[in-house]
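Q:
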Amino acid sequence: MNRSILAALVLATLASSAQAQTPKEQFNAESKRLATRYADDKKLCSEESNSAARMQCTRDAKSEYDKSLALAKAQLKASPAKQASCMECGKVTSVVVSEKAGEGSALGVIAGGVAGALLGNQVGSGHGRQLATVAGAAGGAYAGKKIEENAKSTKQWTVHVQYDDGKQVSFNFDHDPRMLSGDRVRNDNGNLVRN
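Heads up: the sequence shown is residues -20 to -1, 1 to 175, going by mature numbering (1 follows the signal peptide of the UniProt record, and there is no 0).
1. Beta-carbon of Tyr45 versus every beta-carbon of chain C: anything under 8 angstroms?
2. For Gln136, name the three-state secondary structure that DSSP assigns.
3. So the alpha helix (DSSP H) Thr113 belongs to, where does it begin and stop?
4. Sort Val94, Gly104 and Leu111 by Cα distance to Lys125 and report the nearest one.
5. What's the gap between the Cα of Trp137 and the Cα of Val76?
6. Name the DSSP bridge partner or partners of Cys69?
7. Leaving out the 5 sequence neighbours to the left and right, which residues in its chain are closer than 6 angstroms to Thr113 when beta-carbon positions are compared?
8. What are the start and end residues of the beta strand (DSSP E) that includes Ser150?
9. Below 8 angstroms, how does it come out for the segment 44 to 55 and the segment 2 to 17: are there three or more Cβ pairs, yes or no?
10. Whole angstroms are fine: how far does the CA of Ala91 sit from the CA of Val103?
11. In whole angstroms, what separates the C-alpha of Glu83 from that of Lys132?
12. Can you pull the DSSP bridge partners for Arg174?
13. Since Pro3 is in the alpha helix (DSSP H), which residue starts that stretch and which ends it?
14. Only counting the same chain, and skipping five residues up and downstream in sequence, which positions put a Cβ closer than 8 angstroms to that of residue 177?
15. Can you tell me whether Val77 is helix, strand or coil according to DSSP?
16. Roughly how many angstroms separate the alpha carbons of Gly120 and Glu79, rounded to a whole number?
17. Taking only the alpha-carbon atoms, compute the straight-line gap between Ser85 and Thr134 and give it to the nearest angstrom.
18. Could you give the distance in angstroms between the alpha-carbon of Asn169 and the alpha-carbon of Ala58?
19. Here's a check: name, in chain order, each residue in its chain whose Cβ is nearer than 6 angstroms to the Cβ of Lys62, leaving out the five neighbours to either side.
20. Check whether the Cβ atoms of Arg166 and Asn152 lie closer than 8 angstroms to each other.
Set out below in structure tokens:
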């Protein structure tokens, strides 16, 4: 008697009967099937040539029956939890990383303007020097603003989720949420967590 084949048959039967029955009906059908299988195994054991082999075969058959029945009971207990609906559960459809532009402040404009004016003042003489100083101040102010914006830019992760009811929602993170497309998630009071 090959135990791995027996176990595979038990699991296959559980899986195939699980599709159209309630969990209690599945358990009852599986219990009857297991009892029939156990009776058949005991008949096979009675055909063993000596009493030691018959006893060992009977013990093995009983052990397999008990294990299979325990598995069926465990699946019955687990079934209601699986069937419970989660209104805030869904699946990650995509994760997009983007660059969020920083904001420039007066400090960047002033610092850039001063640096530009100092550099512009080094060029030419007379009216040319004055013009270069003004142009340097204006260019430096603009450059200082842009440099500050780039320095303050940050990455933003946007996680797109499709709930089980079909609703689609996006969540923004300022850090890597470590979620991938296909991950099961749930909304826990506005926080997205793995399910």
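We put the beta carbon where it would ideally sit given N, CA and C, even for glycine.
Fair warning: this is a prediction, and the values are worked out from it, not measured in the lab.
A: On the basis of the coordinates in this document:
1. The question asks about chain C, but that chain is absent: this structure has only one protein chain.
2. strand
3. If you look at Thr113, you'll find it in the alpha helix (DSSP H) that goes His107 to Ala131.
4. Val94
5. 6 angstroms
6. Arg166
7. The residues are Ala97, Gly100 and Asn101.
8. Here the beta strand (DSSP E) through Ser150 covers Gln148 to Phe153.
9. yes
10. 19 angstroms
11. 7 angstroms
12. Bridge partners of Arg174: Val165.
13. Pro3 to Ser26 is the span of the alpha helix (DSSP H), which, as asked, contains Pro3.
14. As displayed, the chain neither begins before -20 nor continues past 175, which places residue 177 out of reach and without an answer.
15. strand
16. 24 angstroms
17. 16 angstroms
18. A straight-line Cα-Cα distance of about 26 angstroms links Asn169 and Ala58.
19. Because the pLDDT of Lys62 is 47, which lies under 50, any placement of that residue in the model is unreliable, and the question is left without a value.
20. The Cβ atoms of Arg166 and Asn152 lie no closer than 8 angstroms to each other.
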